[in-house]
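Take a look at the structure below.
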Amino acid sequence: MKIAICSNSQGIKSELAERFGRADYFVIYDLENQDVKTIENKAKNEPSGAGGSAVRSLSKEDVEIILVPELGPKAMDAIKAFEIKAYAYTKGATVENAIEEFKLGKLKELTSNTKEGHHGLRRA
Amino acid sequence: MEIAVLSGKGGTGKTTLATNLAFVQKKCILIDTDVEEPNSHIFLKPKELNRKVITTEYPNVDKSKCVLCGDCGDFCRYNAILPAKNKVLVFKEMCHDCGGCKLVCKHDAIHYEKQEIGSMYFGETAYGFNIKYGDLKVGAVSGVKIIETLKSSLVKEDLIFIDSPPGTSCSTVAAVKDADYAVIVSEPTPFGVSDMKMVVEMLRNMNILFGVVINKAGLGDNEIYEYCEEENIRILGEIPFEKRFARAYANGEILSNVFDEYRNYMQNILNKISN
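Protein chains in written order, with our numbering: chain A, 1000 to 1123; chain B, 69 to 343.
Rendered as structure tokens:
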């Protein structure tokens, strides 16, 4: 099973991103064979609907679980429609830390959006 | 003849100028296309207003025909339609009503439904001429359809003043695209000049003739004068920054109705435009 983690750069040691739909990269980690692959988040500069678009790309990579800082309402609708589960990590750590915590069952599953929606690019 | 009043930066005096030019001209119509925040009517005080609801269309997917091929999602520039694993999600508030998803659907699974995005209002102002303005609903993504509706039923022979939205977005382009002449209202501040440069570029790209009115003259610096000279841009007039103007404006007055000299500023600008 593949999990995707929002990150600021490439590889397992990279810093976790502070947002999902507009994260720079997704690190994809295979729980069975520990393979690591990083993909660029092409949705990050979309005029609108970056979250939904990112979920669609991850689904094409056969991702079934995403580790995220938070999720907006449209991204939440999207993961349900793509049958993907989302777990929230604590910001400020690395991708590797988030994977470890997930494996230990420390991360909480998100079942409703954790932040309000907004339209279009929003600079942090 | 259609005269668009625009600015780039907000708050430079588009509405003040558009309403006062119309007031002095008398035989004309004013169209407020700043549908996100229309305010010309506050000054022109129409007695009675008619309302027309404006709608746009958004896709609805017939599950029995959809094969989840993904073509609609690949096409949509705004991610308003998202083909997923078990269904197609539609975010109707993000839809720009382009009609593309239905065109690319090979399975005839998409039809359109209507959603209200705002209203058009029209009536006679307290000063005898007509006004039309639009009001976009909070959360609606684009006012272009309302602006197009506002401009669709105009008689070309009328003298038309367009109070445009700020900036150089799709809404501004829709507001000014048929203009015979554009009046840029700018203020002599760095911010005012910076935003005005984008408007100049836009109007030149659209091949629309224009001139500049410097509002709140006396504030800021000389950059606007230097820029206009370098770029060979005609200055149609200057309106000084004065507290009594600001006070009357804040009371919802038409300044030309209160101050003779203001009426003269407007008359001079109108004369220069007609030359």
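Each residue gets a CB set at the ideal place from its N, CA and C atoms; glycine is no exception. On a predicted model such as this, the values are computed, not experimentally measured, just so you know.
Check distances from the C-beta atoms of the region 1038–1071 of chain A to those of chain B and list, in chain order, the residues that come in under 7 Å. Within the region 1038–1071 of chain A, the residues whose Cβ lies closer than 7 Å to some Cβ of chain B are E1045, P1046, S1047, G1048, G1051, S1052, R1055, S1058, listed in chain order.
Three-state secondary structure assigned by DSSP to A:N1096: Position 97 of the first sequence, counted from the start, is the residue given in the question as residue 1096 of chain A. In this structure, A:N1096 counts as helix in the three-state DSSP scheme.
For B:T123, name the three-state secondary structure that DSSP assigns. By one-based count along the second sequence, residue 123 of chain B stands at place 55. B:T123 falls in the strand class under three-state DSSP.
Check each residue of the region 155–174 of chain B: if its Cβ is closer than 7 Å to any Cβ of chain A, include it; give the result in chain order. Contact annotation: in the region 155–174 of chain B, residues whose CB is within less than 7 Å of a CB in chain A are K155, L157, F159, M162.
Hey, quick one: how far does the beta strand (DSSP E) through B:I71 stretch, first residue to last? Translated into the one-based positions of the second sequence, residue 71 of chain B becomes position 3. Start and end: 70–74.
Step through the CB atoms of chain A and report whether any lies within less than 7 Å of the CB of B:N147. Within the second sequence, numbered from 1, the residue matching residue 147 of chain B stands at position 79. So, interface residue.
A:A1016 - DSSP class collapsed to helix/strand/coil: Mapped onto the first sequence, residue 1016 of chain A falls at position 17. Residue state, collapsed to three classes: coil.
Is the region 78–87 of chain B in contact with the region 147–161 of chain B, if contact means three or more CB pairs nearer than 8 Å? The region 78–87 of chain B, when compared against the region 147–161 of chain B, does not touch it at the 8 Å Cβ threshold.
So that I know if they touch, is there some Cβ in chain B lying closer than 7 Å to that of A:R1122? As a position in the first sequence, residue 1122 of chain A is number 123, starting the count at 1. Only weak support is given to the placement of A:R1122: the predicted model assigns it a pLDDT of 49, under 50, and the value that follows is read from those uncertain coordinates. Interface annotation, A:R1122: not in contact with chain B, CB-CB separation never under 7 Å.
For B:F197, the three-state DSSP class (helix, strand or coil): Counting from 1 along the second sequence, the entry for residue 197 of chain B is found at position 129. Three-state result, B:F197: coil.
If B:T124 sits next to B:K213, beta carbons under 8 Å apart, how far is it from one beta carbon to the other, in whole angstroms? Counted from its first residue, the second sequence places residue 124 of chain B at position 56. Counted from its first residue, the second sequence places residue 213 of chain B at position 145. The Cβ separation is near 5 Å, so the contact holds.
Below 8 Å on the Cβ atoms is my contact criterion, and I expect B:I252 with B:V267 to pass it. Report the Cβ-Cβ distance as a whole number of Å. If you number the second sequence from 1, residue 252 of chain B lands on position 184. If you number the second sequence from 1, residue 267 of chain B lands on position 199. Cβ-Cβ separation between B:I252 and B:V267: approximately 6 Å, consistent with a contact (criterion under 8 Å).
B:L287 classed as buried or exposed, judged by whether at least 16 other C-beta atoms fall within 10 angstroms: Numbered from 1 along the second sequence, position 219 holds the residue referred to as residue 287 of chain B. Burial call: exposed.
Interfacial residues, the region 221–239 of chain B to chain A, with Cβ spacing under 9 Å: Look at the region 221–239 of chain B: it has no residue with a C-beta under 9 Å from a C-beta of chain A.
What residues in its chain sit with their C-beta under 8 Å from that of B:H179, if we drop five residues either side in the sequence? For this step, residue 179 of chain B is matched to residue 111 along the second sequence. The residues are P127, N128, D130, K170.
What are the boundary residues of the alpha helix (DSSP H) that A:V1062 is part of? For the purposes of this step, residue 1062 of chain A is taken as residue 63 along the first sequence, with counting starting at 1. Counting along the chain, A:V1062 falls outside any alpha helix (DSSP H), though it belongs to the beta strand (DSSP E) covering 1062–1067.
Apart from the five residues just before and just after B:L277, which ones in its own chain have a Cβ nearer than 6 Å to its Cβ? Taking the first residue of the second sequence as position 1, residue 277 of chain B is located at position 209. Apart from the 5 residues on each side of it in sequence, B:L277 sits with its Cβ closer than 6 Å to the Cβ of Y249 in its chain, given in chain order.
When B:I185, B:G168, B:Q183 are compared against B:A177, the one with the closest alpha-carbon: Taking the second sequence and counting its residues from 1, one reaches residue 177 of chain B at position 109. When B:I185, B:G168, B:Q183 are compared, the shortest CA-CA separation from B:A177 is found for B:G168.
Just the Cα atoms here: how many angstroms apart are A:G1104 and B:L271? Numbered from its first residue, the first sequence carries residue 1104 of chain A at position 105. Numbered from its first residue, the second sequence carries residue 271 of chain B at position 203. The straight-line gap from Cα to Cα measures roughly 59 Å.
So what's A:G1050 in DSSP terms, helix, strand or just coil? The count along the first sequence starts at 1 and reaches residue 1050 of chain A at position 51. The three-state secondary structure of A:G1050, taken from DSSP, is helix.
What beta strand (DSSP E) runs, 3 residues minimum, are completely inside the region 104–183 of chain B? With a minimum length of 3 residues, the continuous beta strand (DSSP E) runs that stay inside the region 104–183 of chain B are 118–129, 149–151, 156–158.
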